[in-house]
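Residue numbers (the numbering used here): 52 to 205.
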């Protein structure tokens, strides 16, 4: 696939991630969060070249966070990128483990960030974020498989 198409698709994922996160802003930030946009993370399990889109979307969405700062703008996009690579690598063997890996890496990263920045209890925050991730990320799997089936994701 041409590089321009790959970049355009990653940019579309970034825009969707940011828009979905910002649209439900009260639920998208804090120790108890439910980001519908996290369902897009399932796309990277079938197409890892979409990871930059998730990273860019996270950065843009976190510009609107009440906790905006280096942790939100550097740490979270970085952990989303590394978590995406790890999840993709694991999903090549068994996709449910890939989804779980992405949920867990995100929950730990968000929990640590909110603990350091806002003083929220670490384990409580990891737990509540993990619940949201476990609910939302798997919702993207049928979408990812359908897009592959329809030829929209090679």
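Every residue, glycine too, gets a C-beta built ideally from N, C-alpha and C.
Please read all numbers here as calculations on a predicted model, not as lab measurements.
Check	Outcome
Would you kindly work out how many angstroms separate the C-alpha atoms of residue 157 and residue 104, rounded to a whole number?	16 angstroms
Please list, in chain order, all residues of the same chain as residue 160 whose beta carbon is under 6 angstroms from its beta carbon, the five residues on each side excluded.	130
Given this structure, state the Cα-to-Cα distance separating residue 96 from residue 169, to the nearest angstrom.	32 angstroms
Kindly indicate which three-state DSSP category residue 60 falls into: helix, strand or coil?	helix
Are the region 180–188 and the region 72–88 touching, with three or more C-beta to C-beta distances below 8 angstroms?	yes
Output the boundary residues of the alpha helix (DSSP H) element that contains residue 92.	Neither: residue 92 is in no alpha helix (DSSP H) and is coded neither H nor E.
Please classify residue 145: is it buried, with 16 or more other beta-carbons within 10 angstroms of its beta-carbon, or exposed?	exposed
Any idea what DSSP makes of residue 191, helix, strand or coil?	helix
Would the beta-carbon of residue 164 fall within 8 angstroms of that of residue 201?	no
State the CB to CB distance for the pair residue 206 and residue 69, rounded to an integer number of angstroms; the pair is presumed to be in contact (CB under 8 angstroms).	The displayed coordinates of the chain run from 52 to 205. Any statement about residue 206 would go beyond what the structure contains.
Distance, Cα to Cα, residue 194 vs residue 122?	30 angstroms
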